[in-house]
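K.L.:
If you read the first sequence in our numbering, its first letter stands for residue 1, the second for the next number, and so on.
Note that beta-carbon positions come from the ideal geometry of N, C-alpha and C, so glycine has one too.
Just passing along the structure, written as structure tokens.
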Amino acid sequence: MKIRTRFAPSPTGRMHIGNLRTALYAYLIAKHEGGDFLLRIEDTDTKRELEGAVDIIYDSLKLANLKHDEGPDIGGPCGPYVQSERVGLGIYMKYAKQLVEENKAYYCFCSDERLDSLKQVINGEEIHMYDKHCLNLSKDEIDKNLASGMPYVIRQNVPTEGTTTFHDEIYGDITVENATLDDMILIKSDGYPTYNFANVIDDHLMGITHVVRGCEYLSSTPKYDLLYKAFGWEIPKYIHCPHITDETHKKLSKRSGHSSYQDLLEQGFLSDCVINFVALLGWTPGEQFDEIFDLDYMIKNFNYKRISKSSAVFDITKLKWMNSEYIKKLDIDTFYNMAEKYIVDALPSIKNSNHIHKIATMVQSRIELFSDINDLVDFFNKVPEYDIDLYNNKKSKCDPVISKQILSDILPILNNIDDSQFNNDELFNLLSTYGKENNIKTNLLMWPIRVALSGKESTPCGATEILEILGKKESINRIEAGVAKLS
RNA sequence: GGCGCCAUGGUCAAGCGGUUAAGACACCACCCUUUCACGGUGGUAUCACGGGUUCGAGUCCCGUUGGCGUCACCA
């Protein structure tokens, strides 16, 4: 049988990173077996819906390269793929009434006040458990209430005795007492189905074979199981995925800057990298593998039996490392196209495109995010304020006195170089010669030059490369300023 | 509080009754080097606890502890 999975988000905003991973796993499970991956919009909560949120879902899926085979935008044999449109078709109500006929569901007319009186607070948490009050209503009463237009919901009639066992592909068999299960609402008083109901109906109607979702649904799955059984439908395979948490093992929050896929992209993470990274949060390809891999590799190697049971901490440090690996792997032209904007923004005064290319090459192996570029190269604009202590370097045995000597000595050398010869190779040759003649090692020689030129102890390139990019005039100005500072 | 789930270094994790308990990130040291980064080499650090079962337990069972989830006319 062909595998069919689905991603069924509700359009409430940006795509949460846990959601993205669920979508990825659902996609991978289907594609690994050559199956179908569908997109369904679960917009049954009219209050929470957000303008433009559906577009965010389309964009995210596109960016992530998770192509769906059926969905609202491309159609398919099981449409419509938007639940609110299915409500209009009367799909859910039809099935709910069928259940009522069979005594597996019932009308409930309880007021908010009565419901409130049922609620108890334990440890500051509200606990609800319906008492089946309306299950005992007579047929006459129900008809009368309905005829008078009294608001109602339809509830599932869960057995009060016995147990329900369902099988999850990751967690195995899970058994719960039916008595602990609430008579959940299937149809709300506005006529819309709840997630709990619509999800089951649509998964069945759309032929979903593997239900992939977060493990927060583990607790309500027995009730879904009861629903499938009530209809006599085949129960799909359940695949509940463990949670992704922040470093305090709590739900991912905005605070740590890793709240959504879009946020991450805006921060400069590459989409392929984010996908790669989240795939590894709760799944591994096998015993021996390279952690950097692409979607094709995942499709080929995705075995959902290897999904982990325990939740994983989202470690932004490792994500950054991985992003730097992705950046390093970019061929230079691609990298240049992506980095150019950042370099030009950081260094508006550099007009020479050769220089911009050179700077791009320099920074490629040194950044984790494109936004790192600015801080790396801003000294080209102007020397930042720096402490004279920078001229001290214990490894090369550099100090301010030697520095002043070296800087003063090389000034005439630089002055003698023709503008057209002011390039890295030529400069390195001439300065090396000076160093040899005076018995100064290269690392000692270059230290004060770098400091005078950049005001930093580390730069993305060698001192002579800075000279070339700065040009003769600016270089000499900066060296002179260095000498003055040391006097 | 009821119910359920989970438990290997700081983090992601391999392991599926016998291993010197992989690997990656982070961290540290050294090498390379025109500084830093890259790259290379090496190092520190893990089986939550207590009982069983077994010749032998990170691996199986029970309990404890801890964490998480859930208990909505939200999904």
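Jot down the residue ranges of each uninterrupted alpha helix (DSSP H) in the segment 361-390, minimum 4 residues, whole runs only, in chain order.
P.N.:
373-377
K.L.:
Would you call the CB atoms of CYS78 and MET206 closer than 7 Å?
P.N.:
yes
K.L.:
What beta strand (DSSP E) runs, 3 residues minimum, are completely inside the segment 88-149?
P.N.:
Runs of the beta strand (DSSP E) inside the segment 88-149: 105-108, 120-122, 125-127.
K.L.:
Taking the straight line between their C-alpha atoms, what separation do you get for TRP321 and GLU291?
P.N.:
12 Å
K.L.:
Comparing alpha-carbon positions, which option in LYS132, GLU468, LYS358 lies nearest ILE417?
P.N.:
GLU468
K.L.:
Cutting at 7 Å between CB atoms, please list the residues of its own chain near ARG366, excluding the five before and the five after it.
P.N.:
LEU376, PRO460
K.L.:
If you draw a straight line from the alpha carbon of LEU319 to that of ARG21, how long is it in whole angstroms?
P.N.:
One alpha carbon belongs to LEU319, the other to ARG21, and they sit about 15 Å apart.
K.L.:
Buried or exposed: LYS31, going by 16 or more other Cβ atoms within 10 Å of its Cβ?
P.N.:
buried
K.L.:
For PRO193, which three-state DSSP category applies?
P.N.:
strand
K.L.:
Kindly indicate which three-state DSSP category GLU247 falls into: helix, strand or coil?
P.N.:
coil
K.L.:
With a CB to CB cut of under 8 Å and the five nearest residues on each side skipped, what residues in its chain are close to TYR386?
P.N.:
VAL451, GLY455, LYS456
K.L.:
Can you tell which of LEU181, GLU141, VAL383, LEU218 has the C-alpha that lies nearest to the C-alpha of ALA481?
P.N.:
Looking from the CA of ALA481, the closest CA among LEU181, GLU141, VAL383, LEU218 belongs to VAL383.
K.L.:
Give the DSSP bridge partners of VAL82, in chain order.
P.N.:
ILE41
K.L.:
Applying the criterion that 16 or more other CB atoms from any shown protein chain within 10 Å of the CB defines a buried residue, is THR175 buried or exposed?
P.N.:
Label assigned to THR175: exposed.
K.L.:
Roughly how many whole angstroms lie between the Cα atoms of TYR27 and ALA53?
P.N.:
21 Å
K.L.:
Which residues mark the beginning and the end of the alpha helix (DSSP H) in which PHE428 is found?
P.N.:
Annotation: the continuous alpha helix (DSSP H) that includes PHE428 extends over 424-437.
K.L.:
Under three-state DSSP, which class holds TYR261?
P.N.:
Correct three-state label for TYR261: helix.
K.L.:
Using the three-state DSSP reduction, which class does GLY214 fall into: helix, strand or coil?
P.N.:
In the structure shown, GLY214 falls within a strand segment according to DSSP collapsed to helix, strand and coil.
K.L.:
Any chance the CB of PHE37 is under 6 Å from a heavy atom of the ligand NAD?
P.N.:
The model on display carries no ligand, and the ligand NAD is accordingly not part of it.
K.L.:
Answer yes if the segment 192-209 comes into contact with the segment 36-46, meaning at least three C-beta pairs across the two stretches below 8 Å, and no otherwise.
P.N.:
Counting Cβ pairs under 8 Å, three or more are found: they touch.
K.L.:
At which residues does the beta strand (DSSP E) containing GLU494 begin and terminate?
P.N.:
With the chain covering only 1 through 487, there is no way to say anything about residue 494.
K.L.:
Write down the C-beta distance between LEU430 and ILE406 rounded to the nearest angstrom, noting that I regard them as a contact closer than 8 Å.
P.N.:
That belief does not hold up - the Cβ atoms of LEU430 and ILE406 are roughly 14 Å apart, past 8 Å.
K.L.:
Based on DSSP bridge pairs, tell me the residues matched to ALA312.
P.N.:
ILE244
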